[in-house]
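K.L.:
Numbering (the numbering used here), first residue to last: 250 to 457.
Cβ coordinates follow ideal geometry from the N, Cα and C atoms, glycine included.
A single structure is presented below for examination.
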Amino acid sequence: MQALIAAAAQLRERAGAPRARDGSALPALILVTDAARHPDPLPAVGRLPQGSAVLLRDYEHPERAALAGALADACRLRGLALWVGADVELARSVNARALHLRERDLVAMRPARWHGVLTAAAHSAVALQRAHAIGADAAVLAPVFATASHPRSPSLGPAQVRALVRGAGLPVLALGGIDADNVARLLDCGVAGIAAVGAFIPRRGAGP
């Protein structure tokens, strides 16, 4: 975990420590929720360094509102930012730091009822262009490496990530199969930080 934290901070500095349009710092490290692989994200949230973020995806979670509330409380206690995916009203209700749009939600205009930090998922140059066009503060580009969350999706790899970041026009965070063993491969790609699911799941036999 410490190696991942250090690498994320290094990526952010190499990218120029980008900020959102409102002047707030963008996080270098983001925990992405995934109930199928990580049913209780709260212990992992407790291990994140101050200034990191938690992205609530789990779009079909039966208790999503309750989970959002629990994450919001944990984030406030830890000095973390909560990002809520694809639900303006839920994001507003828990005072989320950012609204995160799925790639399929990228349309011609920024969500009318959201005035905070806006981020967007992207899997291609076209999606990055759309995110930039609607005024997103950052994009989350995936999948960088092969990932257990989407095993059938071809990964981009460092060379393609580097090319996409160069033409993106906005800060880009990397997602997909990133862990302490491969994060160094992203150091020269221009990404401003990393988002992950599996990297926060303790390995069998590992200590607390």
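(1) Do residue 331 and residue 297 have their C-beta atoms within less than 7 Å of each other?
(2) May I ask you to report which of helix, strand or coil DSSP gives residue 268?
(3) DSSP on residue 302, reduced to helix/strand/coil?
(4) Say whether the segment 298-308 touches the segment 282-290, bearing in mind that this needs 3 or more beta-carbon pairs closer than 8 Å, one atom from each stretch.
(5) Just to confirm my understanding: we take residue 310, look at its own chain, exclude 5 residues before and 5 after, and list those with CB closer than 7 Å. What are they?
(6) Can you tell me the Cβ-Cβ gap for residue 410 and residue 423, rounded? I've got them flagged as a contact below 8 Å.
(7) Please name the residue in 383, 251, 340, 256 whose C-alpha comes closest to that of residue 270.
(8) Looking at the secondary structure, which residues open and close the beta strand (DSSP E) in which residue 281 lies?
(9) Taking the CB atoms as reference points, tell me whether residue 391 and residue 380 lie closer together than 7 Å.
(10) Can you tell me where the alpha helix (DSSP H) holding residue 254 begins and where it ends?
(11) Measure the Cβ-Cβ separation of residue 375 and residue 347 and say whether it is below 7 Å.
(12) Quick check: what's the CA-CA separation for residue 442 versus residue 314?
(13) Straight-line CA distance for residue 395 to residue 371?
(14) Can you list, in chain order, the stretches of the beta strand (DSSP E) that have 3 or more residues and sit fully within the segment 337-388?
(15) Alpha carbon to alpha carbon, what distance is there between residue 449 and residue 288?
P.N.:
The short version:
(1) Taking the sequence shown and counting its residues from 1, the one referred to as residue 331 is at position 82. Taking the sequence shown and counting its residues from 1, the one referred to as residue 297 is at position 48. Not a contact, by the Cβ cut-off of 7 Å.
(2) Here residue 268 refers to the residue found at position 19 of the sequence shown. Residue state, collapsed to three classes: strand.
(3) For the purposes of this step, residue 302 is taken as the residue at position 53 of the sequence shown. Three-state result, residue 302: strand.
(4) yes
(5) If you number the sequence shown from 1, residue 310 lands on position 61. 284, 316, listed in sequence order.
(6) Against the sequence shown, residue 410 aligns to sequence position 161. Against the sequence shown, residue 423 aligns to sequence position 174. Yes, they are in contact, since the Cβ atoms of residue 410 and residue 423 sit about 6 Å apart, within 8 Å.
(7) Mapped onto the sequence shown, residue 270 falls at position 21. The shortest C-alpha separation from residue 270 is found at 383.
(8) The residue given as residue 281 occupies position 32 in the sequence shown. Its beta strand (DSSP E) spans residues 278-281.
(9) In the sequence shown, the residue the question calls residue 391 occupies position 142. In the sequence shown, the residue the question calls residue 380 occupies position 131. Against a cut-off of 7 Å, the Cβ pair of residue 380 and residue 391 comes out as no contact.
(10) By 1-based counting over the sequence shown, the position of residue 254 is 5. Run containing residue 254: 251-263, per the alpha helix (DSSP H) assignment.
(11) What you label residue 375 is simply residue 126 of the sequence shown in a count that begins at 1. What you label residue 347 is simply residue 98 of the sequence shown in a count that begins at 1. Not in contact: residue 375 and residue 347 (Cβ atoms no closer than 7 Å).
(12) Position 193 of the sequence shown, counted from the start, is the residue given in the question as residue 442. Position 65 of the sequence shown, counted from the start, is the residue given in the question as residue 314. If I take the Cα positions, the gap works out to 27 Å.
(13) Here residue 395 refers to the residue found at position 146 of the sequence shown. Here residue 371 refers to the residue found at position 122 of the sequence shown. Residue 395 and residue 371: Cα-Cα distance of roughly 16 Å.
(14) 347-350, 366-371
(15) Your numbering for residue 288 matches position 39 in the sequence shown. Your numbering for residue 449 matches position 200 in the sequence shown. Each residue's alpha carbon lies about 12 Å from the other.
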